Each structure stands twice: as structure tokens, then as C-alpha cells.
Amino acid sequence: MSEVNGTATVEKIDFGSDQEVRWCPGCGDYSILKQVQTLLEQSGKKKEEVVFISGIGCSSRFPYYLDTYGLHGIHGRAPAIVSGLRSVRPELSVWMITGDGDALSIGGNHIIHLLRRNVDVNVLLFNNEIYGLTKGQYSPTSPEGTVTRSTPMGSTDHPFNPLALVKGADGTFIARSMDRDPKHMREVLARADVHRGTSLVEIYQNCNVFNDGAFEVFTDKGSKPTHTLFVEHGKPLTFAGGTKGICIKEMKPHIIDIGPEFSPDDCWIHDERDNFKASILVRLFDDASVEGAFPRPFGVFYVNDRPTHEAKLQAQVKKAKEVKGPGDLDALLKGAHTWTIG
Amino acid sequence: MTQTLIKKPVEARQNVVILFAGDSGDGIQLTGSQFTDTNALFGNDVSTFPNFPAEIRAPQGTLAGVSGYQLHFGSVEIFTPGDLCDVLVVMNAAALKANLIKLKKGGTIIANTDGFDKKNLRLAGYIDEADPLTDGSLVNFHLHSVDVTKLTRTALEGMTLGMKEKDRCKNMFVLGFINWMYSRENALTEAFLDRKFGKKPELLEANRKALVAGYNYGETSETFTTRFEVKAAPMPKGTYRSITGNQGTALGLVAGAQKAKLDLFYGSYPITPASDILHELSKHKNFGVITFQAEDEIAAISSAIGASYGGALGITASSGPGIALKTEAMGLAFMLEIPLVIVNVQRGGPSTGLPTKTEQADLWQAVHGRNGEAPIPVIAASTPIDCFDMAFEAVQLAIEHMTPVILLTDGYIANGSEPWRFPNAKDLPEIKPPYIKEPNDGEKFLPYLRDERGVRPWALPGQAGLQHRIGGIEKQDRTGNISYDPENHAKMVHLRAEKVARIADRYKPIRLDSGPTEGEVLVVGWGSTYGAIRTAALQLQAEGMSVAHVHVRHMFPFNKGLGPLLKKYKKVLVPEMNSGQLRQMLRAEYLVDAQGLNKIQGMPFTSEEIRAGILNLLKS
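Just so you know, the sequences run in chain order A and B. Each residue of the first sequence is one higher than the one before, counting from 7 in this note's numbering. Each residue of the second sequence is one higher than the one before, counting from 23 in this note's numbering.
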């Protein structure tokens with residue numbers, strides 16, 4: 007494939023498959039593919055231990071481009087396929103590739119249950135706020151009023167705030183990154199990889215054909231500092247080159263100017279383990295064009311170590327074997343009550 | 023006191039059909055199943071038909087709330103729960119009203135008089151609250167009115183239980199009485215009560231007392247002058263247990279997984295009448311069984327696909343409406359070519375239909391119900407025991423041919439039970455998954471390189487050098503890579519269909535169930551109509567008619583012997599609990615003028631209905 011983000015090409019990376027990558031030139035997906043391949047290589051995993059499961063959509067072609075095990079499923083159902091796979095193969099490294107339509111519209115019911123069960127999988131949610139593969143209809147994350155081929159007068163739907171939904175479903179690893187910041191993406195993905203449970207990373211991904219520039223305000227060098235907030239565990243929430251910060255006063259977040267009146271010590275200190283603060287953080291979701299809007303947070307919002315679903319399932323099987331002994335088929339067929347004739 | 027009694031005479035009966043009926047909260051199913059177990063243990067052949075409302079506690083006393091349990095037991099071989107009953111036990115007026123039509127002329131009614139008060143009569147719809155127990159309308163039957171409620175309360179006098187709890191022991195009084203009437207011991211039920219109420223001594227004592235009181239009532243009451251006895255049936259020697267169809271299905275699935283040395287993953291969403299498979303499987307985790315109660319039917323099958331992809335045996339089950347939701351994922355499993363078993367415990371349709379009633383109307387859904395050309399093997403079970411055999415075969419076909427397989431059962435056999443001379447585990451065949459351990463094309467691995475049967479290898483994640491990508495999108499022959507090439511698509515459609523068609527190569531030769539190898543009429547049945555058709559065919563053969571019966575187990579692909587067999591008879595009759603689905607398939611496949619005998623009432627055929635249908639065809 008062609009060069010991506012200027013420097014390296016994916017052919018050089020061990021994890022690439024022999025398949026030609028067929029996303030549109032300039033698609034944000036290339037950047038994500040490259041960061042994932044780099045991470046896999048750096049993590050020291052064996053190719054055969056890694057499985058990529060996807061649904062349907064542009065992003066869901068992802069598994070074909072990696073020399074790992076891969077299953078390109080059906081629309082929206084990747085979380086269910088993952089749940090079954092993880093239940094029986096807890097030792098594998100499982101990744102799920104999905105998009106805003108796949109995960110939040112047709113697969114909305116499955117993603118929330120994946121999260122509440124805490125199945126151990128790294129979910130990369132490519133959010134481009136548009137339907138790409140079906141050629142440009144609005145998605146469940148498109149802002150209200152979005153004009154598309156299916157909404158010539160603008161969409162009438164209120165969009166999802168994806169990470170608030172994830173938080174509402176008790177996700178145990180909640181993070182956001184963007185295609186145009188490869189270093190940040192790689193760091194977030196590495197964190198997601200080591201988390202045991204459902205690691206959900208929303209990745210802002212530019213669809214340069216049907217929704218070009220949807221996230222430009224967050225990715226453009228000029229506007230990025232004032233409109234983004236990169237959170238780090240134990241560090242104060244500051245942005246705009248350290249000139250502004252966010253504090254919590256009377257249970258609400260406020261933007262403050264760092265200077266004579268406030269120091270970074272007055273800011274909200276990010277704590278990934280703080281359930282309630284995470285609930286506020288995911289709600290920093292203002293329309294960037296509105297005066298005084300909160301910056302959009304990026305990074306790891308929340309981490310919780312509750313046990314994974316498959317660990318609990320396997321523990322029950324183990325316990326049943328300990329208590330009842332390994333299955334004796336003859337005893338099973340015989341059942342509890344028999345009688346003999348002759 | 024008992025010493026002074028004169029022993030009442032005992033009359034022998036060859037076979038008896040008894041129907042217990044009452045409110046869905048009356049414990050009817052328990053009474054029926056306990057009497058069944060007692061008779062089976064005694065050595066009778068038995069067949070049962072539980073019939074209950076969709077509502078858990080439908081309005082008390084109404085026709086809609088009537089729950090029934092029909093049992094046919096005999097000293098001869100029994101194939102059905104019986105057409106009409108000899109004895110009707112009714113706990114209230116609604117139960118009588120709903121079931122009188124099923125009682126033979128001259129049959130016996132045992133009625134709980136407490137259930138015939140004005141309110142119950144009104145709720146049951148007796149005009150002007152006319153009491154059938156006293157108005158002479160039942161003159162053609164042997165009517166025994168018994169105040170079960172009062173007698174039970176009397177038996178439990180002095181116990182500290184509340185009246186409601188005492189009244190819940192009524193069913194044990196009835197059971198004790200029926201045990202007496204048919205010369206059966208209370209012992210089996212007493213042991214059952216010990217297990218059930220072991221931790222609640224007071225309830226245990228109350229239920230045991232009611233059971234004994236019912237038995238003694240038969241002994242002492244002057245209204246009952248005769249007892250009956252049904253001798254043991256000449257059943258083949260061996261050890262038996264009782265099994266319902268859903269239990270049979272669950273055990274067949276576990277046995278299949280064990281014989282394939284695979285863990286079993288069962289993805290399921292609760293639905294009537296399939297949920298008991300989930301309940302049964304969830305008890306057997308020590309066999310490496312994982313049950314996953316999914317968020318919906320789609321997730322149930324998709325999770326099973328994920329499990330099969332990981333190297334377990336993925337299974338899902340549902341009933342018609344749930345199967346409809348699984349359709350897209352079945353297409354995926356078909357395209358992936360991985361093992362998957364899909365069980366449809368059919369119920370009355372369409373849409374929500376008749377959840378607790380039975381039907382065979384999902385045959386076309388199973389055979390044809392997918393987008394694109396996606397043939398999936400479809401097999402059907404004919405009796406509760408056969409559910410075990412067919413579930414095992416479904417696992418065998420799915421694993422050894424790398425394909426989803428649909429197993430059709432229905433509510434009638436799923437809930438019905440019969441005695442089962444269960445097999446030894448060692449006599450069940452081993453199932454051999456087509457695993458692959460190393461690349462199959464030099465250093466490359468081709469996931470869709472097929473063997474001589476057209477079956478692709480099963481490469482499990484985790485194996486070095488076998489990394490590959492599969493999906494629902496059309497794939498290139500051999501490599502599995504995405505391909506939109508027109509010629510390749512035609513080839514792949516053909517290869518996939520061919521693989522499934524060749525499953526028929528392994529079937530045993532088709533075999534008549536009964537009757538001459540050529541002649542006037544061939545009755546072609548499938549699924550749960552087996553018992554009714556067998557009974558009718560045997561009768562007519564005994565009467566000298568040229569009637570044969572074949573029962574189709576493989577709905578798709580058909581047994582290769584079926585076509586030639588159909589041509590050996592002048593007429594072909596296809597009884598089905600639908601409007602003629604198998605009949606149309608036979609006509610389309612074999613250009614045979616098959617006639618239909620169809621019943622779509624949510625109720626199984628009686629053997630009398632089948633008999634009449636055959637006689638009609640013989641006359642025409």
C-alpha cells in the first residue's frame with residue numbers, strides 16, 4: 007500500500023497481510039491500521055494469538071489487512087461473536103473493529119451488553135459521523151441538522167454521545183483518540199490492550215469523501231489547542247497550551263484562566279479510577295462552534311478492574327467440575343431415576 | 023378400621039388414557055408427571071401430552087386458564103398420548119367444559135365439587151350457572167363428584183399451615199386417589215416429595231398426608247366399587263428412564279459434544295417452548311458446557327458462531343419467531359462453513375402465534391428461509407426419544423461437514439415424555455472434527471481447500487502458520503480472500519450447495535416404518551405426527567389394507583431412496599400440522615401427486631383423524 011502519514015509503510019510491518027488495502031485514498035482508516043500494526047509488533051504478541059472480529063462498514067474490512075486470525079461478521083453483531091469466542095478462548099488477544107453505524111445503530115443492543123458483561127476485548131470504534139460504505143447517509147453520531155443524501159433538509163435525530171453511552175453501560179475502560187494524532191492513538195491503544203475487560207476506544211476518523219473535516223476543529227493545528235483537552239492520570243486538566251484549565255465547583259465543571267488568579271493546582275486533577283468524575287468527563291461534549299464551549303477531552307477517561315465475563319463463566323465450569331467431577335456421559339444419560347425390565 | 027373392609031374387586035385394562043385438568047395454578051402438570059413416572063416405573067409403556075396456557079397464571083376459573091396433562095399408559099406398546107380419554111379428572115368447571123369433548127362415551131369423570139360453585143360455573147360460561155354435576159347433563163358418563171378441597175382440608179386438620187397452603191395439597195389428594203384407582207403405590211411420589219420438600223418439613227408432611235388421604239379415600243369411599251389394573255407392557259429388557267423431548271435434545275447435544283471431545287457453547291434467548299433446553303444444559307457445566315443467555319436471538323446465534331470459530335461446538339435453539347431473527351446469522355455460518363446446530367422447537371405461528379401450542383409450519387422457513395442460495399441441512403425428530411438421536415446426528419453432521427444444521431422438533435414432543443432405554447456412551451459413534459494442524463498448500467494455508475466430500479478444514483485460532491480471514495462476503499475459491507469475480511461466485515455457490523447435497527451420501531438406506539413395500543397408499547410423515555400415523559397404519563394393516571408408512575427424518579437434503587419409494591404406491595398421503603409444506607416439497611422434487619392431510623389447530627393429530635384420512639384416500 008501507499009505511504010501513510012509520511013514516514014513508514016505498512017508492508018514493512020510483520021502483521022500486514024498480503025491483501026491490498028481498499029479504503030479510499032486519504033481515509034483516516036489507514037492511520038489507525040498503521041498504529042494497530044505497530045502496536046501489535048511492539049507488544050511482542052504472536053500473530054496466531056491475535057483475532058480481529060468486525061461487523062459491516064468501511065472499518066470492518068480491517069481484519070483482512072492483518073496477518074492474524076480474522077472474522078468479518080455481519081452488521082452490528084461483532085460484539086455477540088466476540089462474546090462467544092471469548093467465552094471459550096480466554097487466552098487469545100481479541101480485537102473488535104466497528105464504526106458509528108455498526109456499533110451504535112444496528113448493533114446498539116449488542117454493544118451495551120458487551121460493556122455491562124465486561125467481555126475482555128479491545129473495541130476500536132471508528133467514529134466518522136457518517137455512513138461511508140452505503141455512500142453518505144447520516145449516522146447516529148451525526149449532529150442534528152446534518153445534510154446528507156438521506157436528509158436533504160437536515161437530520162432530525164439527536165445524536166448519541168458515544169462515550170456517555172459507554173459510561174452508562176458501565177464500560178470498564180473508556181478512552182478517546184483521533185486518527186490525526188498517531189502518537190496519542192498508539193499510547194491509548196497500548197493502554198487498551200493491557201486492560202482486562204472491554205476496552206472501548208472511540209477514534210475520531212475523518213471520512214474525506216462523505217464527511218470531510220468533521221473533526222477538523224479538534225485536529226487542525228490552529229484550533230486544536232483551544233478545543234481539545236488531553237487528559238492524563240494524576241495531572242491537572244489544562245489546555246490551550248496550559249493557559250486554561252477546568253475546575254469543579256459546586257459539582258459542575260468550569261473553565262478557568264491559569265494566571266494570577268488560578269494555578270494548575272486549582273484544576274481538576276484527572277483520576278482514571280474516579281467513577282463520578284468520569285461521568286462528568288464524558289459529558290464534556292459541547293458543540294465546538296458555540297462560544298465558551300468546553301474543549302473535547304481525549305485520552306483514557308476511566309479504568310475499572312472488575313472481573314471479566316469469561317473469567318466468571320470459566321470459574322463456574324471449573325467449580326462444577328470440582329464439585330461434580332468431570333462429566334460422566336453414562337451417568338448423564340442414565341439420569342436420576344431408572345427402572346429395569348426383564 | 024381398614025381390616026374390616028372388604029377388598030374391592032380389581033378389573034384388568036389393556037391401556038388407559040387419563041386427562042388431568044384444572045387451573046394453571048392447580049399443580050396439574052406435577053400430578054400428571056408423577057402418575058406417569060409411577061406407571062413407567064411399574065413397567066407400562068407411556069406417552070404424555072402436557073397442554074397448558076401461554077399465561078403463567080391466567081385468570082382463575084376461566085377456560086383460558088385451563089391446564090391439562092394427558093397420559094396414555096398400557097400393557098401394550100403405546101405410540102401416542104391417546105385420542106380420547108377414558109378418565110377425565112377436573113378440578114373445576116372450566117376444566118370440564120374445555121375437556122369434555124375429549125372424553126369417550128361412557129368414560130369416567132372425577133370432579134372436584136368445590137370447583138363447581140356459582141362463581142366457577144359463571145366463569146366457565148355455564149348458562150344460568152347450571153351445574154353439570156347435578157343437572158343430569160352428564161348422564162352418559164360415569165360421574166364421581168368428590169369434594170377434594172374439603173377432604174384435603176380435613177386430612178390436614180390441626181396443622182399450622184394457612185388455608186392457602188393446605189389447598190395447594192389438593193393435587194396430592196387427587197394423585198393418591200388415582201394411585202388407588204389404578205392399583206399403584208404412593209412410594210415413588212413420596213420419595214419425590216421427600217426430595218422436593220426435604221427442607222420444609224411442614225409442607226412435606228402436609229403433602230404426604232394429602233397423598234395418603236386420597237389413597238385411603240378410594241379404599242373407604244362407597245362410591246368407588248372397582249379398581250383397575252394395567253399390567254406391565256412387554257417392553258424390551260433393559261434399564262429405562264423417563265425423558266421429555268427437550269431433555270432428549272439437550273442430552274443429545276451434550277453427548278455429541280462429548281463424542282467430538284469439544285466444549286459446548288449454548289447461546290440462547292428464553293422462548294416458549296425451547297427454554298427447557300437452556301435450563302437442562304445449564305445444569306451440566308461439568309461437561310464443559312457454557313450457557314450464555316444472550317441479549318436477544320441474534321446475539322444468541324452470533325455468540326454461538328463466535329464459539330464455533332474459537333473451536334467449541336456452538337449451538338443455539340429457539341422457536342419460530344426467534345428463528346426468524348437468527349436468519350441472517352445462519353447465512354453467515356453457512357458462508358463461514360463452520361459447525362453450528364440450530365434447534366427450532368416449533369410452535370403455532372405466524373408471528374407470536376400460539377406460543378404453547380404445537381405446529382409443523384416452520385419447515386419452509388428452515389429449508390428456504392435465507393437470503394441468497396444458502397442450503398442448510400434440516401433434520402426432524404419424531405418422538406421425545408428421537409430428539410436425542412436427532413440432536414446427536416445434528417452435531418455429527420455439523421462438525422464432520424463444517425456446516426450449520428437445523429434440527430426441527432415441536433412443542434408436542436418437546437414437552438411430551440416416554441420411557442427411554444438409554445444407550446451406553448461407548449455405543450455412540452465418535453465424531454471427528456476435520457481439524458488441520460499445518461499449512462495445506464506448501465507453506466501457505468488455504469482455508470477453503472476442500473476434501474473429497476467438499477468439506478473445508480477447521481483451523482482454530484492460536485495455531486501458528488494458519489492465520490486466515492473469513493467472512494460473510496463472497497470469497498475466492500480456496501484462499502477465502504474477498505472476491506467479486508462473477509465466475510468465482512457461480513463456482514462458490516455451486517461448491518457450497520454440492521457440499522450440503524453430498525451429506526445424503528452418508529444416510530442409512532430409507533426404511534419403511536410399517537406396511538408393504540409397494541401397494542395402494544404410502545403415508546409420508548415427518549416429525550411429531552409419528553405416533554398417530556404409526557397407530558393408524560398398524561390398525562389398517564391389521565384390517566388387511568394396503569397401507570405403508572414412511573417417516574422422513576432428513577428434510578433436506580432428502581434421503582436418496584425417498585423418490586423411488588414414492589413411485590411404488592398408487593397414492594401418497596402426507597399428514598402435516600401445516601397447510602402442506604412437505605407435500606409441496608415432495609411434489610416439486612419428485613413430480614409425485616402427493617395428497618395432503620392437514621391440521622392447523624395447535625393440537626396434534628389423533629390417530630383416528632389419520633385413519634379417516636387414509637380411508638378417504640383409499641375410497642377416492
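We treat Cβ as the ideally placed atom computed from N, Cα and C, and that holds for glycine. No experiment lies behind these values; they were computed from the predicted model shown.
For this session: Just the C-alpha distance for B/G624 and B/L376, rounded to the nearest angstrom, thanks.
Result: 7 Å
For this session: Less than 8 Å between the CB atoms is what I'm expecting for A/Y71 and A/Q25, so what's the real figure, rounded?
Result: 6 Å
For this session: May I have the straight-line CA-CA distance separating B/L544 from B/A610, to the nearest angstrom?
Result: If I take the Cα positions, the gap works out to 18 Å.
For this session: Drop a sphere of 10 angstroms on the beta-carbon of A/S8, count the other beta-carbons inside from all chains shown, and report buried for 16 or more, exposed for fewer.
Result: Only weak support is given to the placement of A/S8: the predicted model assigns it a pLDDT of 39, under 50, and the question is left unresolved by the model.
For this session: Could you please give me the residues that DSSP links to A/M102 through a beta bridge?
Result: A/I59, A/V129
Exercise. Is DSSP giving B/Q36 helix, strand or coil here?
Worked result: coil
Exercise. Taking Cβ positions only, does B/A416 come closer than 8 Å to chain A?
Worked result: no
Exercise. Counting only beta-carbon atoms, is A/E17 nearer than 8 Å to chain B?
Worked result: Any answer about A/E17 is weak, because its pLDDT of 42 lies below 50 and its placement is not dependable; what the coordinates show is given next. Residue contact check for A/E17 against chain B: no CB pair falls below 8 Å.
Problem set entry | Chain-ordered chain B contacts of A/A359 [CB-CB under 7 Å] | One cannot answer for residue 359 of chain A here, as it falls past the ends of chain A, which runs 7 to 348.
Exercise. Around the Cβ of B/P461, are there at least 16 other Cβ atoms within 10 angstroms (buried) or fewer (exposed)?
Worked result: Label assigned to B/P461: exposed.
Problem set entry | Paired residues, beta bridge with B/W480 - DSSP | B/Y457
Problem set entry | Of the residues B/S550, B/P75, B/N393, B/Q51, the one placed nearest B/V515, counting alpha carbons only | Nearest option by C-alpha distance: B/N393.
Exercise. Under 8 Å between C-beta atoms, does B/G332 make it to chain A?
Worked result: yes
Problem set entry | Residue nearest to B/Y434 in terms of C-alpha spacing, selected from B/A296, B/K590, B/G464 | Per the Cα distances, B/A296.
For this session: Compare the C-beta of B/V276 with all C-beta atoms of chain A and state if any pair is closer than 8 Å.
Result: Under the Cβ distance rule, B/V276 counts among the residues neighbouring chain A, one pair being separated by less than 8 Å.
Problem set entry | One or two residues paired with A/H260 in a DSSP bridge | Answer is A/C253, bridged to A/H260.
Exercise. Interface residues of chain A around B/T261 at Cβ under 9 Å?
Worked result: K340, T344, W345, T346, I347
Problem set entry | Positions along the segment 481-493 of chain B whose CB lies within less than 9 Å of some CB in chain A | A481, L482, P483, G484, Q485, A486, G487, L488, Q489, H490, R491, I492, G493
For this session: Starting from B/T182, trace the beta strand (DSSP E) both ways and give me its first and last residue.
Result: Run containing B/T182: none; DSSP gives neither H nor E here.
Problem set entry | Per-residue contacts from A/E55 into chain B (C-beta, under 7 Å) | G484
Exercise. With a cut-off of 8 Å, does the C-beta of B/N503 fall near any C-beta of chain A?
Worked result: By this cut-off, B/N503 is an interface position.
Problem set entry | Distance, A/F300 Cα to A/G105 Cα | C-alpha of A/G105 to C-alpha of A/F300: approximately 25 Å in a straight line.
Problem set entry | Closest by C-alpha distance to A/L98, when choosing among A/G114, A/F58, A/N124 | A/F58
Exercise. Does A/K52 get closer than 8 Å to chain B when you measure Cβ to Cβ?
Worked result: yes
For this session: Could you pull out every residue in the same chain whose Cβ sits closer than 8 Å to the Cβ of B/I327, ignoring the five residues on either side in sequence?
Result: G336, A351, L354, A355, L358, I360, L362
Exercise. In whole angstroms, what is the alpha-carbon distance linking B/T374 and B/P72?
Worked result: 20 Å
For this session: For B/P361, name the three-state secondary structure that DSSP assigns.
Result: coil
Exercise. Measuring CA to CA, which of B/D298, B/G198, B/I532, B/E422 is closest to B/Q315?
Worked result: B/D298
Exercise. Does any C-beta atom of chain B lie closer than 8 Å to the C-beta of A/V153?
Worked result: no
Exercise. What separation, rounded to the nearest whole angstrom, lies between the Cα atoms of B/V98 and B/S69?
Worked result: 12 Å
Exercise. When the Cα atoms are used, what is the spatial distance from B/S324 to A/I80?
Worked result: 9 Å
Exercise. Does any C-beta atom of chain A lie closer than 8 Å to the C-beta of B/G624?
Worked result: no
Exercise. Taking the C-alpha atoms as reference points, what is the distance between A/L339 and B/L468?
Worked result: Pairing A/L339 with B/L468, the inter-Cα distance amounts to about 40 Å.
Exercise. Between the segment 100-110 of chain B and the segment 41-54 of chain B, do three or more beta carbon pairs fall short of 8 Å?
Worked result: yes
Exercise. Hey, A/Q43 and A/M191: beta-carbon distance below 8 Å or not?
Worked result: no
Problem set entry | chain A contacts made by the segment 319-351 of chain B, where a contact means CB separation under 9 Å | I320, A321, A322, I323, S324, S325, A326, I327, G328, A329, S330, Y331, G332, G333, A334, G336, E350, A351
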